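Only one structure is covered here, and it is reproduced in the block below.
Number of protein chains: 2
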Amino acid sequence: MTMQTPTRDTTASAGSDLRCRILAIAERLFRDMGYRKTTVADIASVLRMSPGNVYRFFPSKKALNEAVADRLLGDIEAELERIVAQADVPAAERLRTFVAALHRMSEQQFTANRRMHEMVEVAMAESWEVIHRHIEGVDRLLCRLVAEGAQSGEFAVEDPMVAARCVHAAIVRFCHPALIAQCADEAGPTLEQMTAFLLAGLRAA
Amino acid sequence: MTMQTPTRDTTASAGSDLRCRILAIAERLFRDMGYRKTTVADIASVLRMSPGNVYRFFPSKKALNEAVADRLLGDIEAELERIVAQADVPAAERLRTFVAALHRMSEQQFTANRRMHEMVEVAMAESWEVIHRHIEGVDRLLCRLVAEGAQSGEFAVEDPMVAARCVHAAIVRFCHPALIAQCADEAGPTLEQMTAFLLAGLRAA
């Protein structure tokens, strides 16, 4: 058993490493060539392996897209978690930073690059489960932030999760890739005006 | 001149009447067959006229789509204007009715019917100008409502237009056809929770 464990670990690690490399190449090709134009054979070719080897880890191109989207959304959530965890910063200030970071990263990752936008549109149409997990993840982080603000007396909210979901829904224009693109030339509000408005709501009794 | 004026009026009225009939048939076919499948020849055929006659009023199918979308969005704005005009009703109550009506009509007109949703998607992709006018129209109506609430002391807002745009952006999940569909199975907030949250923000100093 003591001999088997390291062997399993090594195998798992090698597999996990290869999985990571496949994902990194898939993301690069989706970004450079676009999701639709990229084939599993292209990805395998860059890695000098057979498509069958890619399929061992990802049974379909859709599965690859989901894993890439999941990783990018996970990066956003990790940064948001770092902001929420700064317990010595007032909740209102953390909320401002949180909303600004969510907007900036959503724009950079998914809207600014037209080809990444294509990948996101496919994920939204075919793999809503990945988007759903992200929405729930952001809701949970916002809920923690709002609850801490309520505990410290900064916010006056009865149900932190309801308030968190209201805040998240209210800023969808600033973090939904399609809406960022659609509303780019619309009159407003600015993100700062919206955040100030939402903070007024959170502070109200 | 007294003889010419009625003649011009009659011509204009007959033309306007025909334009209306073309639009009504176009809307019906878009609703029943879908935007993409409907041809200008189909519309002309129902009206027992030549496609050239339709083109006299609408130079392209895109122009027809814009006119249909404009009319449907105009119906929504007319109903919203009726709600705002009820000056004896408290602003908060009018806002609740306004938001609920905007949600209900957007859902009925554009999301519930998959084929109308197709028409809207084409309009959003190819004729944003129509959508833009609607957004601005709703913003103006909301601004009037918020300004009246501020004058009566119900709301405490510095800039009614900024507050109106914040409210409108915050409820985009409930009135953007694609988002209504995408968020149908998401956890919340409910429209009532969101409206209560926004009213708290409007009442706060």
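Order-wise, the sequence lines are chains A and B. Each residue of the first sequence is one higher than the last, beginning at 1 in the UniProt record's numbering. Each residue of the second sequence is one higher than the last, beginning at 1 in the UniProt record's numbering. The beta carbon of each residue, even a glycine, is placed where N, CA and C say it ideally should be. Keep in mind that this is a model prediction, so the values were computed, not measured.
Name the two residues that bound the continuous alpha helix (DSSP H) containing ILE76 of chain A.
Against the first sequence, residue 76 of chain A aligns to sequence position 76. Element bounds for ILE76 of chain A: 61–84.
Whose C-beta lies closer than 7 Å to the C-beta of PHE110 of chain B among residues of the same chain, with five residues either side of it excluded?
For the purposes of this step, residue 110 of chain B is taken as the residue at position 110 of the second sequence. When the five nearest sequence neighbours on each side are left out, the beta carbons in the same chain lying within less than 7 Å of the beta carbon of PHE110 of chain B are those of MET116, HIS117, VAL120 and PRO177, in order along the chain.
Check whether chain A comes within 8 Å of MET116 of chain B, counting only Cβ atoms and requiring the distance to be less than that.
The residue labelled residue 116 of chain B in the question sits at position 116 within the second sequence. No - not a single Cβ of chain A is within 8 Å of the one on MET116 of chain B.
Give, in chain order, every unbroken run of the alpha helix (DSSP H) that is at least 4 residues long and sits entirely within the segment 89–133 of chain A.
91–106 and 114–126
Between the alpha carbons of THR190 of chain A and ALA184 of chain A, how many angstroms are there, rounded?
Within the first sequence, numbered from 1, the residue matching residue 190 of chain A stands at position 190. Within the first sequence, numbered from 1, the residue matching residue 184 of chain A stands at position 184. Taking the straight line joining both Cα atoms gives about 11 Å.
Please decide whether VAL99 of chain B counts as near chain A, where near means a Cβ-Cβ distance under 8 Å.
In the second sequence, the residue the question calls residue 99 of chain B occupies position 99. No, its Cβ sits nowhere closer than 8 Å to a Cβ of chain A.
So CYS175 of chain B is in the alpha helix (DSSP H); what residue range does that whole segment cover?
For the purposes of this step, residue 175 of chain B is taken as the residue at position 175 of the second sequence. First-last of the alpha helix (DSSP H) with CYS175 of chain B: 172–175.
Of all the CB atoms in chain A, is at least one closer than 8 Å to the CB of HIS132 of chain B?
Position 132 of the second sequence, counted from the start, is the residue given in the question as residue 132 of chain B. Chain A contact via Cβ: present.
Once DSSP output is grouped into helix, strand and coil, what is the label at ASP185 of chain B?
The count along the second sequence starts at 1 and reaches residue 185 of chain B at position 185. In this structure, ASP185 of chain B counts as coil in the three-state DSSP scheme.
Hey, how far is the Cα of ALA78 of chain B from the Cα of ALA200 of chain A?
Reading the second sequence from its first residue, position 78 is the one you call residue 78 of chain B. Reading the first sequence from its first residue, position 200 is the one you call residue 200 of chain A. So the alpha carbons of these two residues sit roughly 31 Å apart.
Which of helix, strand or coil does DSSP assign to VAL54 of chain A?
In the first sequence, the residue the question calls residue 54 of chain A occupies position 54. Helix at VAL54 of chain A.
Which same chain residues, not among the five before or five after ALA164 of chain A, have their C-beta less than 6 Å away from its C-beta?
Mapped onto the first sequence, residue 164 of chain A falls at position 164. Within the same chain, ALA164 of chain A has close Cβ partners ASP139, LEU142, CYS143 and VAL146.
Would you decide whether THR5 of chain A is buried or exposed? Buried here means 16 or more other CB atoms lie within 10 Å of its CB.
The residue labelled residue 5 of chain A in the question sits at position 5 within the first sequence. With a pLDDT of 40 at THR5 of chain A, under the threshold of 50, the modelled position of this residue cannot be trusted; read the value that follows with caution. Exposed: under 16 other Cβ atoms inside 10 Å.
Ordered along the chain, which non-local residues of its own chain (more than five positions away) have a Cβ less than 6 Å from that of MET1 of chain A?
Position 1 of the first sequence, counting from 1, holds the residue named residue 1 of chain A. The predicted position of MET1 of chain A is uncertain, since its pLDDT is 38 and thus under 50; a value taken from the coordinates is nonetheless stated next. Counting only Cβ-Cβ distances below 6 Å, and skipping sequence neighbours, we find nothing.
How many Å lie between PRO59 of chain B and ARG133 of chain B at the Cα?
In the second sequence, residue 59 of chain B corresponds to position 59, counting from 1. In the second sequence, residue 133 of chain B corresponds to position 133, counting from 1. Straight-line Cα distance between these residues: approximately 21 Å.
Could you give the DSSP three-state label for MET49 of chain B: helix, strand or coil?
Counted from its first residue, the second sequence places residue 49 of chain B at position 49. In the structure shown, MET49 of chain B adopts coil according to DSSP, grouped into three states.
What's the C-alpha gap between VAL122 of chain A and GLU154 of chain B?
Looking up residue 122 of chain A in the first sequence gives position 122. Looking up residue 154 of chain B in the second sequence gives position 154. Between the alpha carbons of VAL122 of chain A and GLU154 of chain B lies a distance of about 45 Å.
Can you check whether the C-beta of ILE25 of chain A is within less than 8 Å of a C-beta belonging to chain C?
Annotation note: the requested chain C is absent from the structure, which comprises protein chains A and B.
What did DSSP end up calling MET1 of chain A once you bin it into helix, strand or coil?
Numbered from its first residue, the first sequence carries residue 1 of chain A at position 1. Below a pLDDT of 50, predicted positions are generally treated as unreliable, and MET1 of chain A, at 38, falls in that range; the measurement from the model is reported next regardless. It is coil, neither helix nor strand.
Please report the distance separating the alpha-carbon of ARG8 of chain A from that of GLY15 of chain A.
Against the first sequence, residue 8 of chain A aligns to sequence position 8. Against the first sequence, residue 15 of chain A aligns to sequence position 15. Note that ARG8 of chain A has pLDDT 42, beneath the 50 cutoff, so the model's placement of it is unreliable and no number is given.
How many angstroms separate the CA atom of MET3 of chain A from the CA atom of GLN193 of chain B?
Within the first sequence, numbered from 1, the residue matching residue 3 of chain A stands at position 3. Within the second sequence, numbered from 1, the residue matching residue 193 of chain B stands at position 193. With a pLDDT of 41 at MET3 of chain A, under the threshold of 50, the modelled position of this residue cannot be trusted, and the question is left open.
When the distance is taken between beta carbons, is GLU81 of chain A closer than 8 Å to ILE180 of chain A?
Within the first sequence, the letter at position 180 stands for residue 180 of chain A. Within the first sequence, the letter at position 81 stands for residue 81 of chain A. No. Outside cutoff.
I'd like the list of long-range same chain contacts for ARG173 of chain A, defined as Cβ closer than 6 Å, with 5 residues on each side in sequence excluded.
Numbered from its first residue, the first sequence carries residue 173 of chain A at position 173. Taken in chain order, the residues that qualify are LEU179 and CYS183.
Please go through the same chain and pick out, in chain order, the residues whose beta-carbon is closer than 7 Å to the beta-carbon of LEU198 of chain B, but skip the five residues on each side of it.
The count along the second sequence starts at 1 and reaches residue 198 of chain B at position 198. For LEU198 of chain B, where only same-chain residues beyond five positions count, the Cβ hits under 7 Å are VAL167 and ALA170.
With DSSP collapsed to three states, give me the class of VAL157 of chain B.
For the purposes of this step, residue 157 of chain B is taken as residue 157 along the second sequence, with counting starting at 1. Reduced to three states, the DSSP call for VAL157 of chain B is coil.
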